[in-house]
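K.L.:
Going by the UniProt record's numbering, 176 is the number at position 176 of the sequence shown; the sequence numbering is gapless.
All residues carry an ideal CB built from backbone N, CA and C; glycine is no exception.
As the structure is a prediction and not an experimental result, all values here were calculated from the model.
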Amino acid sequence: MERTAPLSQTQRMALLNLIKERDSIVNDKSTAPGIIEAKKRMWEEINLKFNSLYPDQQPRSTKQLKRSYDHVKRKVKDEDREFKKKIKVTGGGCPPTPPKPTEEIALAASMMTVDLAMGNNVFETFTLEPVHNSSAAVVCELQEEDVDDPGVPGVSGISYGNPAFPTHPSESLISVPLPVASTSTSSSSSPTPRSPAVITATPHRQLNPYTPSVGSVTNSRPRNKISCKDILDKEH
1 MERTAPLSQT QRMALLNLIK ERDSIVNDKS TAPGIIEAKK RMWEEINLKF NSLYPDQQPR
61 STKQLKRSYD HVKRKVKDED REFKKKIKVT GGGCPPTPPK PTEEIALAAS MMTVDLAMGN
121 NVFETFTLEP VHNSSAAVVC ELQEEDVDDP GVPGVSGISY GNPAFPTHPS ESLISVPLPV
181 ASTSTSSSSS PTPRSPAVIT ATPHRQLNPY TPSVGSVTNS RPRNKISCKD ILDKEH
């Protein structure tokens, strides 16, 4: 039996557009009652409409169209995975350039939010900005000043803007309320709740600006340091 030729790019785009019109059912990952039967009906409809677009060519079966769609999805996942690997590479330097997907890949990716990592989809508006200031640092020292009572030891919150992105100082990478209370000076043994602390970040030394931020929190009194990682571990 002669092997059927693969779909052309134009045919793949036609197939993807037909699937996109039925995205809510074709790509439904739930196990809701009747969803399997509904998907079967949608694919039969896609098959009929696709073959009607190319009457002069050999008709394609539903199985062939599904296989072609799966092939496109694999390409999307491969590109997504390769870019994420490049992001995780250490050593500093400029970040990798996000891929410029073809129209075919972009259309398929728009229907794959469940398959791709949520919030980390390279085909969405996701970019990494280079560091423009050579003195910017990922390791820094965080000074704490309590809003209600400056000088009283204890950290009640962190709102940390990464100094490695000087053009976007308001971008918060860490914003964590901490369950730490200061000791009341009254006779009562109950701790007094603390207001969120004001944290300022000072560049400390240059590291890879694309790795998660690390820092230390210094209390006004006593002069002991607590790592951000320890604080977050206690929180969770």
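For the candidate residues Gln-11, Ser-24 and Met-111, whose alpha-carbon lies nearest to that of Lys-77?
P.N.:
Here residue 77 corresponds to residue number 77 of the sequence shown, with the count starting at 1. For Lys-77, the nearest C-alpha among the options comes from Met-111.
K.L.:
Please say whether Tyr-54 and Leu-15 have beta carbons closer to each other than 8 Å?
P.N.:
Within the sequence shown, the letter at position 15 stands for residue 15. Within the sequence shown, the letter at position 54 stands for residue 54. Against a cut-off of 8 Å, the Cβ pair of Tyr-54 and Leu-15 comes out as no contact.
K.L.:
Taking the CB atoms as reference points, tell me whether Pro-101 and Phe-83 lie closer together than 8 Å.
P.N.:
Here the question's residue 101 lines up with position 101 in the sequence shown. Here the question's residue 83 lines up with position 83 in the sequence shown. No, the Cβ-Cβ distance between Pro-101 and Phe-83 is not below 8 Å.
K.L.:
Rounded to the nearest angstrom, how far is the Cβ of Asp-80 from that of Leu-48, given a contact under 8 Å?
P.N.:
One-based indexing of the sequence shown puts residue 80 at position 80. One-based indexing of the sequence shown puts residue 48 at position 48. About 32 Å; that fails the 8 Å criterion.
K.L.:
With a Cβ-Cβ cutoff of 8 Å, do Ile-105 and Lys-75 count as a contact?
P.N.:
Along the sequence shown, one-based indexing puts residue 105 at 105. Along the sequence shown, one-based indexing puts residue 75 at 75. Result yes, Cβ atoms of Ile-105 and Lys-75 sit closer than 8 Å.
K.L.:
One question on the structure: do Arg-12 and Val-72 come within less than 8 Å of each other, judged by their Cβ atoms?
P.N.:
Position 12 of the sequence shown holds residue 12. Position 72 of the sequence shown holds residue 72. Yes, the pair counts as a contact, with Cβ atoms nearer than the cut-off.
K.L.:
At which residue ranges does the UniProt domain "Myb/SANT-like DNA-binding" (7 to 79) contain complete alpha helix (DSSP H) runs of 4 or more residues, listed in the order of the chain?
P.N.:
9 to 20, 23 to 26 and 35 to 53
K.L.:
If you reduce the DSSP assignment to three classes, tell me which class Lys-3 lands in.
P.N.:
Walking along the sequence shown from the start, residue 3 turns up at place 3. It should be pointed out that residue 3 corresponds to Arg in this sequence rather than to Lys. Reduced to three states, the DSSP call for Arg-3 is coil.
K.L.:
What is the C-beta distance between Lys-40 and Ile-25, in whole angstroms, given that I count them as a contact (C-beta under 8 Å)?
P.N.:
The residue labelled residue 40 in the question sits at position 40 within the sequence shown. The residue labelled residue 25 in the question sits at position 25 within the sequence shown. Not really, about 10 Å apart at Cβ, beyond 8 Å.
K.L.:
Please state the DSSP three-state secondary structure of Phe-126.
P.N.:
The count along the sequence shown starts at 1 and reaches residue 126 at position 126. With a pLDDT of 37 at Phe-126, under the threshold of 50, the modelled position of this residue cannot be trusted, and the question is left open.
K.L.:
Indicate the three-state DSSP secondary structure (helix, strand or coil) for Lys-100 in the structure shown.
P.N.:
For the purposes of this step, residue 100 is taken as residue 100 along the sequence shown, with counting starting at 1. Lys-100 falls in the coil class under three-state DSSP.
K.L.:
Can you list, in chain order, the residues of its chain whose CB lies under 6 Å from that of Asp-28, leaving out five sequence neighbours each side?
P.N.:
For the purposes of this step, residue 28 is taken as residue 28 along the sequence shown, with counting starting at 1. So the list reads Ile-35, once near-sequence residues are dropped.
K.L.:
I'd like the list of long-range same chain contacts for Val-114, defined as Cβ closer than 8 Å, with 5 residues on each side in sequence excluded.
P.N.:
Position 114 of the sequence shown, counting from 1, holds the residue named residue 114. So the qualifying residues of the chain are Asn-27 and Lys-29.
K.L.:
Identify which residue in Arg-67, Ser-61 and Gly-93 has its Cα closest to the Cα of Glu-44.
P.N.:
As a first step, residue 44 must be located in the sequence shown, where it is residue number 44. Minimum Cα distance to Glu-44 is reached at Ser-61.
K.L.:
Taking Arg-3 as the reference, give the member of Gln-58, Gln-9 and Thr-10 with the closest Cα.
P.N.:
Against the sequence shown, residue 3 aligns to sequence position 3. Closest in C-alpha terms to Arg-3, from the list Gln-58, Gln-9 and Thr-10, comes Gln-58.
K.L.:
Can you name, in chain order, every residue of its own chain whose Cβ lies under 6 Å from the Cβ of Pro-212, other than the five neighbours on each side?
P.N.:
As a working mapping, residue 212 is identified with position 212 in the sequence shown. Since pLDDT at Pro-212 reaches only 39, below the 50 mark, its modelled position is unreliable, and the value read off the structure follows with that caveat. Nothing listed; no residue qualifies.
K.L.:
Reducing DSSP to helix, strand and coil, say where Leu-107 ends up.
P.N.:
Here residue 107 refers to the residue found at position 107 when the sequence shown is read from its first residue. Correct three-state label for Leu-107: helix.
K.L.:
Out of Asp-56, Met-42, Lys-85 and Leu-18, point me to the one whose CA is closest to Gln-107's CA.
P.N.:
What you label residue 107 is simply residue 107 of the sequence shown in a count that begins at 1. Looking at the sequence shown, residue 107 is not Gln but Leu. The shortest Cα separation from Leu-107 among Asp-56, Met-42, Lys-85 and Leu-18 belongs to Leu-18.
K.L.:
Given a cut-off of 8 Å, decide if Met-42 and Arg-67 are closer than it, judged by their beta-carbon atoms.
P.N.:
As a first step, residue 67 must be located in the sequence shown, where it is residue number 67. As a first step, residue 42 must be located in the sequence shown, where it is residue number 42. The answer is no: Cβ separation not under 8 Å.
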